[in-house]
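Enquirer: Numbered per the working numbering, the sequence shown spans residues 8 to 278.
Below is one structure. I have some questions about it.
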Amino acid sequence: MTGEKKEETPHPVALTIAGSDSGGGAGIQADLKAFAACGVHGASVLTLVTAQNTQGVSGLEMLPEHLVRAQFEAVMGDLRPAAAKTGALGSEAVIGTVAEALSERPIDKLVVDPVIVSKHGDPLMPERAQRMIRDRMLEGAMLVTPNRHEAEALCGREVGNVASMKEAAKRIYDFGVQHVLIKGAHFDKIVRDIFFDGTGFIEFGADRIDSSRVHGSGCVYSAVITARLALEDELPEAIGFARDFISKAIENAPLVGRGIAPVNPMHEYWT
Numbered sequence: 008m009t010g011e012k013k014e015e016t017p018h019p020v021a022l023t024i025a026g027s028d029s030g031g032g033a034g035i036q037a038d039l040k041a042f043a044a045c046g047v048h049g050a051s052v053l054t055l056v057t058a059q060n061t062q063g064v065s066g067l068e069m070l071p072e073h074l075v076r077a078q079f080e081a082v083m084g085d086l087r088p089a090a091a092k093t094g095a096l097g098s099e100a101v102i103g104t105v106a107e108a109l110s111e112r113p114i115d116k117l118v119v120d121p122v123i124v125s126k127h128g129d130p131l132m133p134e135r136a137q138r139m140i141r142d143r144m145l146e147g148a149m150l151v152t153p154n155r156h157e158a159e160a161l162c163g164r165e166v167g168n169v170a171s172m173k174e175a176a177k178r179i180y181d182f183g184v185q186h187v188l189i190k191g192a193h194f195d196k197i198v199r200d201i202f203f204d205g206t207g208f209i210e211f212g213a214d215r216i217d218s219s220r221v222h223g224s225g226c227v228y229s230a231v232i233t234a235r236l237a238l239e240d241e242l243p244e245a246i247g248f249a250r251d252f253i254s255k256a257i258e259n260a261p262l263v264g265r266g267i268a269p270v271n272p273m274h275e276y277w278t
């Protein structure tokens, strides 16, 4: 019938709750680029601000808990994200604030990127805060995406081969998360990510690319999974897409700065 108003379908929204990287290589900057590359609208809740570039971090400031919560309420009260991820939360106070906010306004498709140990094995927060991530953030989340060193910190045992990755995934699953993806383990020429859903395992593999000289791969990987979930992919499908995506993002890292280059979430648009 002419003159009737067409009912429009809302565009998918994904939310990142993470820190700012002034160099644009990781954190919310990388997440929002990854969301855009996947065709979803990105919203953000900023937890901390870093002064950094390709050569390192020169400063860090936590945001007050009330401002973190205010951002979350503003986004949730209007945009209604279909999926969300958490990244660097930084402090026990902010971890508690985010955990409480998510318990009061749950997001079913929640991806927790723990950001507690770097891919080189360097701790990014004190052990007490690491335990708080495990105890407050995992229960009920759809997925947690630790790297090998983070998996060791979460489960308290060494991860040195595929068998131990699987055992670690089982232990992490017992903390109440729905699915576990231990990523980036390379014991030979293949990079292996191990996915566990509580009953069985799926192995996602890719040719090994030297990622020691790029920055932001973990952030982009979890952001792409989140974006694909917002687009209603099933979780294994979202992970498979993200695995291929991050390999291309690493291969097409732009030559910027004088240090470690950022991965390129926009590799389909420019290289």
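Glycine included, C-beta positions come from ideal geometry on N, C-alpha and C.
Because the structure is a prediction, the values reported are computed rather than measured.
Just mark Gly31 as buried or exposed, buried being the case when its beta carbon has 16 or more other beta carbons within 10 Å.
Expert: Buried is the call here.
Enquirer: Could you give the distance in angstroms between the alpha-carbon of Glu174 and the alpha-carbon of Val151?
Expert: When rounded, the distance between both Cα atoms is 15 Å.
Enquirer: Could you tell me the distance, in whole angstroms, from the CA atom of Glu210 to the CA atom of Asp200?
Expert: The alpha-carbon atoms of Glu210 and Asp200 are separated by roughly 6 Å.
Enquirer: Buried or exposed: which applies to Arg112, given that a residue is buried once 16 or more other Cβ atoms fall within 10 Å of its Cβ?
Expert: Flag for Arg112 reads exposed.
Enquirer: Would you kindly work out how many angstroms separate the C-alpha atoms of Met8 and Glu15, rounded to a whole number?
Expert: Because the pLDDT at Met8 is just 48, under 50, the model does not fix this residue reliably, and the value given afterwards should be weighed accordingly. Met8 and Glu15: Cα-Cα distance of roughly 16 Å.
Enquirer: DSSP state of Gln59, grouped into three classes?
Expert: Correct three-state label for Gln59: strand.
Enquirer: Can the beta-carbon of Ile179 be found closer than 8 Å to that of Val187?
Expert: Yes, these two residues count as a Cβ contact at 8 Å.
Enquirer: Rounded to the nearest angstrom, what separates Arg265 and Gly207 at their Cα positions?
Expert: Near 44 Å, if we compare the C-alpha coordinates of Gly207 and Arg265.
Enquirer: Identify whether Leu242 lies in helix, strand or coil by the three-state DSSP scheme.
Expert: Looking at Leu242 - three-state DSSP - the assignment turns out to be helix.
Enquirer: Only counting the same chain, and skipping five residues up and downstream in sequence, which positions put a Cβ closer than 7 Å to that of Ala25?
Expert: Only Gly34, Ile35, Asp38, Thr54, Thr93, Gly94 and Ala95 meet the Cβ criterion.
Enquirer: Ala47 to Lys177, Cα distance in whole Å?
Expert: Contrary to the premise, residue 47 reads as Val rather than Ala in this sequence. Their backbone Cα atoms lie some 32 Å apart in a straight line.
Enquirer: Are the segment 103-118 and the segment 133-147 touching by the rule of at least three beta carbon pairs closer than 8 Å?
Expert: They touch, by the three-pair rule.
Enquirer: Looking at C-beta atoms only, is the number of pairs between the segment 71-81 and the segment 216-229 that lie closer than 8 Å three or more?
Expert: Output reads no: the segment 216-229 does not touch the segment 71-81.
Enquirer: Taking C-beta to C-beta, are Thr318 and Ser98 nearer than 8 Å?
Expert: The requested residue 318 is not part of the displayed model; the chain covers only 8 to 278.
Enquirer: Where does the unbroken alpha helix (DSSP H) through Ala106 begin, and where does it stop?
Expert: Taken as a continuous stretch (DSSP letters only), the alpha helix (DSSP H) holding Ala106 covers Glu99 to Glu111.
Enquirer: So for Thr93, helix, strand or coil by DSSP?
Expert: Residue state, collapsed to three classes: strand.
Enquirer: Please look up how many angstroms separate the CB atoms of His222 and Ile267, rounded, as I've assumed it's under 8 Å.
Expert: Correct: roughly 5 Å between the Cβ atoms.
Enquirer: Grab me the residues of Glu157's own chain with a C-beta within less than 7 Å of its C-beta, minus the 5 sequence neighbours each way, in chain order.
Expert: Excluding positions up to five away in sequence, the list reads Pro121, Ile123 and Val124.
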